[in-house]
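The numbering of the sequence shown is the UniProt record's numbering, which starts it at 1 and goes up by one.
Where a beta carbon is used, it is the ideal one built from N, C-alpha and C, also for glycine.
None of these values were measured; they are calculated from a predicted model.
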Amino acid sequence: MVDVRGVHKSYGPLEVLRGVDLRVGAGEVTVVLGPSGSGKSTLLRAVNHLEKIDRGFVAIDGELIGYRRSGDRLHELKEREILRQRSRIGFVFQSFNLFPHLTVRQNVAEAPLSAQRRPREEVEELTAELLDRVGLRDKADAYPRQLSGGQQQRVAIARALALRPKVILFDEPTSALDPELVGEVLEVMRDLARSGTTMIVVTHEIGFAREVADTVVFLDEGLIVEQGPPAQVLDAPRHERTRAFLGKVL
Ligand code: ADP
Ligand code: MG
Numbered sequence: 001m002v003d004v005r006g007v008h009k010s011y012g013p014l015e016v017l018r019g020v021d022l023r024v025g026a027g028e029v030t031v032v033l034g035p036s037g038s039g040k041s042t043l044l045r046a047v048n049h050l051e052k053i054d055r056g057f058v059a060i061d062g063e064l065i066g067y068r069r070s071g072d073r074l075h076e077l078k079e080r081e082i083l084r085q086r087s088r089i090g091f092v093f094q095s096f097n098l099f100p101h102l103t104v105r106q107n108v109a110e111a112p113l114s115a116q117r118r119p120r121e122e123v124e125e126l127t128a129e130l131l132d133r134v135g136l137r138d139k140a141d142a143y144p145r146q147l148s149g150g151q152q153q154r155v156a157i158a159r160a161l162a163l164r165p166k167v168i169l170f171d172e173p174t175s176a177l178d179p180e181l182v183g184e185v186l187e188v189m190r191d192l193a194r195s196g197t198t199m200i201v202v203t204h205e206i207g208f209a210r211e212v213a214d215t216v217v218f219l220d221e222g223l224i225v226e227q228g229p230p231a232q233v234l235d236a237p238r239h240e241r242t243r244a245f246l247g248k249v250l
């Protein structure tokens, strides 16, 4: 479903991604671990073309993201096309990023109505169903500021799901939460994983990685140092850098 090949990205002289290859099959969950500054957020942003890459490519469900190929050259797509592609890639941020002036229900319904132009009746039904799924049906008419961080993040997940995404990218979705609210968000993510959602999750929640991930990837200084099933990467890491990192977070 997700195919990242040879992706390079620099900011000026700083090479942040140095040739990243990553494949995520349909319905699979990949957890990305790595120290601060290793390029995790940049990698997620490259996947939905929030970040232009310098070399390599990203394809989702067989479709090149952000570019079209002609001969051996890549041409960037028009903004409208990029937005269309991005509307099928869910993104859940550390900082929730809900629209503060919209209710919970409106936050979830906004993109399907305006970006995807789906019929209002269908979207209303879907919104109710998704709010049920994340346990927030009774908060449909509340505003984000009236919710806890954990509730806001669950709304953000419902909003991502409303796009009928091919993949959902999570960038440290529980890092901004008070510790007692982390569990309710991870529970929703676990449920998504069980129901076959394709997910790439940047997180430091090793327990979640162990339990839910099909593949754990360790990114360091812009390179994938190690990847494999959780039992291998977490319990029997082959590389010293992975061991050193796990020693700090476990
Ligand atoms: P991580 O998410 O793993 O902490 P990031 O992908 O956010 O890492 O950042 C990787 C490196 O790229 C860091 O050194 C960061 O300072 C740098 N960086 C990220 N975004 C930008 C930007 N827009 N301009 C310049 N440097 C950036
Ligand atoms: Mg980051």
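Any chance the CB of residue i is under 7 angstroms from a heavy atom of ligand 1?
i	result
Gly-19	no
Ser-87	no
Val-2	no
Gly-90	no
Leu-14	yes
Gly-37	yes
Tyr-11	yes
Gly-56	no
Gly-34	yes
Given a threshold of 16 other Cβ atoms within 10 Å of its Cβ, counted over all protein chains shown, does residue i qualify as buried or as exposed?
i	result
His-49	buried
Ala-213	buried
Tyr-67	buried
Asp-220	buried
Val-134	buried
residue 256	Because the chain here runs from 1 to 250, residue 256 falls outside it and cannot be looked at.
Asp-72	exposed
Asp-141	exposed
Glu-81	exposed
Pro-165	buried
Asp-171	buried
Pro-179	exposed
Leu-83	exposed
Gly-150	buried
Ser-36	exposed
Pro-230	buried
Is the CB-CB distance between residue i and residue j below 8 angstroms?
i	j	result
Leu-130	Leu-181	no
Phe-218	Thr-242	yes
Gly-27	Thr-198	yes
Ile-53	Val-7	yes
Val-92	Ile-168	yes
Ala-46	Lys-78	no
Val-32	Leu-17	no
Val-155	Leu-136	yes
Ser-87	Ala-111	yes
Thr-174	Leu-186	yes
If you measure from the CB of residue i, is any heavy atom of ligand 2 nearer than 7 angstroms?
i	result
Asp-191	no
Lys-40	yes
Glu-205	no
Asp-171	yes
Looking only at its chain, what residues have a beta carbon closer than 6 angstroms to the beta carbon of residue i, apart from the 5 residues adjacent to it on each side?
i	result
Arg-159	Asn-107, Val-108
Pro-144	Leu-98, Pro-100, Gln-152
Lys-139	Val-104
Apart from the five residues just before and just after residue i, which ones in its own chain have a Cβ nearer than 7 angstroms to its Cβ?
i	result
Ile-206	Leu-234, Val-249, Leu-250
Glu-226	Phe-218, Val-233, Pro-237, Arg-238, His-239, Thr-242
Asp-61	Met-1, Lys-166
With a CB to CB cut of under 8 angstroms and the five nearest residues on each side skipped, what residues in its chain are close to residue i?
i	result
Val-123	Ala-109, Pro-112, Leu-113, Ala-162
Ile-224	Val-20, Asp-21, Leu-22, Val-217, Phe-218
Phe-245	Leu-33, Gly-34, Pro-35, Phe-218, Asp-220
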